[in-house]
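Everything on this sheet refers to the single structure shown next.
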Amino acid sequence: MASADSSGGKPDPLLIVLSGPSGVGKDAILSRMRELGKAYHYTVTATTRLMRDGEQDGVDYIFHSVETFDAMIERGEFIEWAVVHGNRYGVPRTQVRDAMQRGQDVILKIDVQGAATVRKLAPEAVLIFVRASETEELVQRLKQRRSETPDAQRLRLKNAEIEMKRSAEYDHVVVNVHGRLDDTIREIQGIVELERRRSPPRRVTI
11 MASADSSGGK PDPLLIVLSG PSGVGKDAIL SRMRELGKAY HYTVTATTRL MRDGEQDGVD
71 YIFHSVETFD AMIERGEFIE WAVVHGNRYG VPRTQVRDAM QRGQDVILKI DVQGAATVRK
131 LAPEAVLIFV RASETEELVQ RLKQRRSETP DAQRLRLKNA EIEMKRSAEY DHVVVNVHGR
191 LDDTIREIQG IVELERRRSP PRRVTI
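Residues in the sequence shown are numbered consecutively from 11, following this note's numbering.
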């Protein structure tokens, strides 16, 4: 868990934001971290986009209608939400708050818009930007997504170029090289361990 405070009390949990352009491998990173038993609370993002083949409601995403999602916005149930590629995405507030109250470190997978919102809401959050080793690798990853039209892929690539320019807003940048997923995870774990030893410790209030 997070580093203990100076009084020797219960450690402060970390709020870790993982973001980066579409196709960079964020889902693969988190899936592998779960397989390896990394002890985090992995938030499940709510979205209005259609479910893809192989996805499970409540596991990969929480799938809502636009009407339900908008009602949740009105009730203030999201830490942050945004429209990305024409669909709404949001992080349920209760997931983060309840996990941190249990003393768990929390990982949020959100886009750069959401990361900026979280930084304002929780300045002590740890922001990690994931990028591909080169643009061509990202292009190939997006082309491998058979569930999207060429126009949708071009839009994601255009947005990725914009998002890459905002990596300087993050605390850390990690390069996810194709075929070296475990190396990426080791680097992320190293960042988390470094942040746990930070003095004074990060203290996040949601």
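Ideal Cβ positions, reconstructed from N, Cα and C, are used throughout, including at glycine. Since we're looking at a predicted model, the values are computed, not measured.
N- and C-terminal bounds of the alpha helix (DSSP H) containing residue i
i: residue 3; result: The structure shown has nothing for residue 3, since the chain only spans 11 to 216.
i: residue 259; result: Residue numbering for the chain in the displayed model covers 11 to 216; residue 259 lies beyond these limits and cannot be assessed.
Helix, strand or coil at residue i according to DSSP, with G and I counted as helix
i: residue 3; result: Residue 3 is absent from the structure shown; the chain starts at 11 and stops at 216.
i: residue 216; result: coil
i: residue 90; result: strand
i: residue 29; result: strand
i: residue 116; result: strand
i: residue 98; result: strand
i: residue 85; result: coil
i: residue 24; result: coil
i: residue 34; result: coil
i: residue 200; result: helix
i: residue 177; result: helix
i: residue 208; result: coil
Extent of the continuous beta strand (DSSP E) run through residue i
i: residue 129; result: Unbroken run through residue 129 is the alpha helix (DSSP H), 122-131; no beta strand (DSSP E).
i: residue 182; result: 182-185
i: residue 137; result: 136-141
Own chain, CB closer than 6 Å to residue i, minus 5 neighbours either side, in chain order
i: residue 26; result: 117, 136
i: residue 132; result: 25, 214
Nearest-angstrom beta carbon gap, residue j and residue i [assumed within contact, 8 Å]
i: residue 69; j: residue 93; result: Incorrect: roughly 23 Å between the Cβ atoms, too far for contact.
i: residue 205; j: residue 24; result: 6 Å
i: residue 56; j: residue 39; result: 20 Å between Cβ atoms; not a contact.
i: residue 88; j: residue 103; result: 6 Å
i: residue 31; j: residue 170; result: 3 Å
i: residue 165; j: residue 42; result: Not really, about 27 Å apart at Cβ, beyond 8 Å.
i: residue 107; j: residue 216; result: 5 Å
Neighbourhood of residue i by C-beta distance below 7 Å, restricted to the same chain and skipping five residues each side
i: residue 122; result: 29, 173, 176
i: residue 213; result: 22, 134
i: residue 201; result: 138, 182
i: residue 129; result: 135, 137
i: residue 112; result: none
i: residue 91; result: 83, 98, 99, 100
i: residue 52; result: 40, 44, 117
i: residue 109; result: 51, 116
Beta-carbon contacts of residue i that lie in its chain and below 8 Å, excluding the five residues immediately before and after
i: residue 37; result: 70, 119
i: residue 17; result: Residue placement at residue 17 is flagged as unreliable, the pLDDT there being 46, under the threshold of 50; a coordinate-derived value is accordingly withheld.
i: residue 97; result: 57, 58, 59
i: residue 184; result: 138, 139, 140, 141, 194, 197, 198, 201
i: residue 67; result: 61, 73
Next on the checklist: As an exercise, report each continuous beta strand (DSSP E) stretch of at least 3 residues that is fully enclosed by the segment 38-81, in chain order.
Outcome noted: You should have found no qualifying run.
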